[in-house]
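Enquirer: Take this structure, written in structure tokens, and hold onto it; I'll ask about it next.
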């Protein structure tokens, strides 16, 4: 016959032995002993940064800005004139480039050799429109040429902002009309940013 | 002793022997003074828990904190006698930045929210021994932390990994 008292004592001993809980599903450390005690446990962290290439010229999102030059009859062919329009107005646009996948970013445009047309056989070459950048580190490719610009990476990271201001040279007289303004009249320039 | 008395005594002994069990006794002694101990448990799996932040390209660097998965359970316990005679302190070492090849980002970009407020909400300070909380013996305490990455800057693409080490001490 089992002694109930003995059984009770065994049960009590067992319950005392598990007074410090053990966690089977975690990194757990239990330290016992006299004097100062110290236990360690770790957590690993991982941040996954996606590779991105962001490029903005002008208004954000899908909006396309129109830059307009409108010399008056009094100043036709008399020298550079500023434009109007652009997200910053005054013929000025915001330009942002961000790339984090490594390497430099090259900016090109598709107006090489093209001219704005009036639909009546007259044209004004894109080379008459200059682009000035507010930041030397984010230059603008020259319109009407095959020129490109490079935005250099720092530590595999490119993150630059600038303002590009367009100016019409207005050094010659052209037949009256509206040049460009539509895709059909070569009025749109598309910039492309690329990184390796 | 006369014959009658002797007979009565024998009868009495015989009755007693037939109706009573042998005398028994139980001694109880509970020695509740086990060795002092501290226990620290962090995470949800059998190994070191990995807390992961995943950022969508459109969200990168927009300043909206990114919540990690999973949340992490932190459990601590200490034992010593007499009760409330010693204090245990939980600290964390976040001094080694997360690394992605040659690129690093400090743990100061990671904060946490406490579910129960027992082990308080906070942010890693990048030190070797950042105080978390303290408690007297003998207690078992647990809380759950949700971690957030600041996402305030654009870093070089890739996976940044690092480890923080929690230490529970009872001087």
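Residue numbers (the working numbering), protein chains in the order written: chain A, 4 to 199; chain B, 1180 to 1350. Just so you know, even glycine gets a beta-carbon here, dropped at the ideal spot from N, CA and C. Owing to the predicted nature of the structure, the values given are computational and were not obtained by experimental measurement.
1) When the Cα atoms are used, what is the spatial distance from residue 103/A to residue 191/A?
2) Note down, in chain order, every chain A residue with its Cβ under 9 Å from the Cβ of residue 1353/B.
3) Between the stretch 93–114 of chain A and chain C, which residues of the former have a C-beta closer than 8 Å to a C-beta of the latter?
4) Scan the stretch 1324–1341 of chain B for residues whose Cβ lies nearer than 7 Å to a Cβ of chain A and list them as they occur along the chain.
5) If we cut at 7 Å on Cβ distances, does residue 39/A have a partner in chain B?
6) Whose C-alpha, out of 1215/B, 1208/B, 1349/B and 1336/B, is nearest the C-alpha of residue 1280/B?
7) Does any residue of chain B have a CB that is nearer than 7 Å to the CB of residue 44/A?
8) Between the alpha carbons of residue 1267/B and residue 1256/B, how many angstroms are there, rounded?
9) At 8 Å on the CB atoms, spell out the chain A contacts of residue 1343/B, in chain order.
10) Can you name, in chain order, every residue of its own chain whose Cβ lies under 7 Å from the Cβ of residue 128/A, other than the five neighbours on each side?
11) For residue 42/A, I'd like the list of residues in its chain whose CB is within less than 6 Å of its CB, leaving aside the five on either flank, ordered along the chain.
12) Flag residue 1350/B as yes if its beta-carbon sits less than 7 Å from any beta-carbon of chain A, otherwise no.
13) Could you tell me the distance, in whole angstroms, from the CA atom of residue 1258/B to the CA atom of residue 1247/B?
14) For residue 129/A, name the three-state secondary structure that DSSP assigns.
15) Is there a C-beta anywhere in chain B that falls below 7 Å from the one on residue 160/A?
16) Whose C-beta lies closer than 8 Å to the C-beta of residue 91/A among residues of the same chain, with five residues either side of it excluded?
17) To the nearest whole angstrom, what separates the beta carbons of residue 1244/B and residue 1330/B, a pair I think is in contact under 8 Å?
18) Can you tell me whether residue 1350/B is helix, strand or coil according to DSSP?
19) Please say whether residue 40/A and residue 1349/B have beta carbons closer to each other than 7 Å?
20) Work out the CA separation of residue 1220/B and residue 57/A for me, nearest whole Å.
21) Check the Cβ-Cβ distances between residue 131/A and every residue of chain B, and say whether any is below 7 Å.
22) Residue 1234/B to residue 67/A, Cα distance in whole Å?
23) Quick check on residue 139/A: does DSSP put it in helix, strand or coil?
24) Along chain B, in chain order, which residues have C-beta atoms closer than 9 Å to that of residue 33/A?
25) Starting from residue 1258/B and walking both ways along the beta strand (DSSP E), at which residues does that stretch end?
26) What does DSSP give as the partner residues of residue 1328/B in its beta bridges?
27) Could you tell me if residue 1208/B is buried or exposed, where buried requires 16 or more neighbouring beta carbons within 10 angstroms of its beta carbon?
28) Mapping the DSSP letters down to three states, classify residue 1335/B as helix, strand or coil.
29) Starting from residue 1289/B, find everything on chain A with Cβ-Cβ shorter than 9 Å and list it in chain order.
Expert: The relevant details are as follows:
1) 29 Å
2) The shown model of chain B, from 1180 to 1350, leaves out residue 1353/B, and the question about it has no answer.
3) The chain labelled as chain C is not found among the protein chains of the depicted structure, namely A and B.
4) 1328, 1333, 1334, 1335, 1336, 1337, 1338, 1339, 1340 and 1341
5) yes
6) 1336/B
7) yes
8) Between the alpha carbons of residue 1267/B and residue 1256/B lies a gap of roughly 9 Å.
9) Neighbours of residue 1343/B on chain A, chain order: 45, 46 and 48.
10) Result list for residue 128/A: 118 and 147, in chain order.
11) Counting only Cβ-Cβ distances below 6 Å, and skipping sequence neighbours, we find 32 and 34.
12) Residue contact with chain A for residue 1350/B: present (Cβ-Cβ distance below 7 Å to some residue of chain A).
13) Each residue's Cα considered, the two are about 33 Å apart.
14) helix
15) yes
16) 97 and 166
17) 6 Å
18) coil
19) yes
20) 43 Å
21) It does not: the Cβ of residue 131/A has no partner Cβ on chain B nearer than 7 Å.
22) Put simply, the backbone Cα of residue 1234/B is about 29 Å away from that of residue 67/A.
23) helix
24) 1216, 1217, 1218, 1219, 1220 and 1256
25) 1251–1258
26) DSSP output for residue 1328/B lists 1245/B and 1289/B as bridge partner(s).
27) exposed
28) coil
29) Neighbourhood of residue 1289/B in chain A, by CB distance below 9 Å: 48 and 50, in chain order.
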